């Protein structure tokens with residue numbers, strides 16, 4: 016997997032875990048409320064798989080937040096991470 020994609024999956028996984036912890040929900044609770052499997056939620060939270068749009072919508076439903084909240088936290092983490100990585104020149 017290319018490093019950028021890996022970083023993005025880690026940021027998405029961390030965003031979902033962060034929101035779930037903030038909501039004090041278990042993976043089982045998120046999975047049940049969202050209509051997905053608990054193992055699937057775990058795989059997403061560990062960055063092992065790339066979730067589909069439908070899966071993200073289901074997880075947002077399970078987390079009881081709008082999808083935009085997951086994206087907001089993800090983008091926050093990505094911008095934090097990009098400040099920590101050295102810039103690479105183009106060309």
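Numbering (the working numbering), first residue to last: 16 to 106.
The beta-carbon is built from N, C-alpha and C at its ideal position, and this holds for glycine as well.
Being a predicted model, the structure only gives us computed values, none of them experimental.
Next on the checklist: For residue 67 and residue 39, what's the separation of their Cα atoms in angstroms?
Outcome noted: 24 angstroms
Next on the checklist: Can you give me the C-alpha to C-alpha distance between residue 93 and residue 32, rounded to a whole angstrom?
Outcome noted: 15 angstroms
Checklist entry - Helix, strand or coil for residue 82 per DSSP? => result helix
Checklist entry - Between the Cα of residue 76 and the Cα atoms of 56, 64, 89, which residue gives the shortest distance? => result 56
Next on the checklist: Our contact map puts residue 53 next to residue 28 with C-beta atoms below 8 angstroms; I'd like the distance itself, whole angstroms only.
Outcome noted: Wrong, their Cβ atoms sit about 15 angstroms apart, outside the cutoff.
Checklist entry - Which first and last residues belong to the alpha helix (DSSP H) in which residue 53 is found? => result 53-60
Item to check | Residue closest to residue 37, alpha-carbon to alpha-carbon, out of 96, 85, 95 | outcome: 85
Checklist entry - Quick one: what does DSSP say residue 91 is sitting in, helix, strand or coil? => result helix
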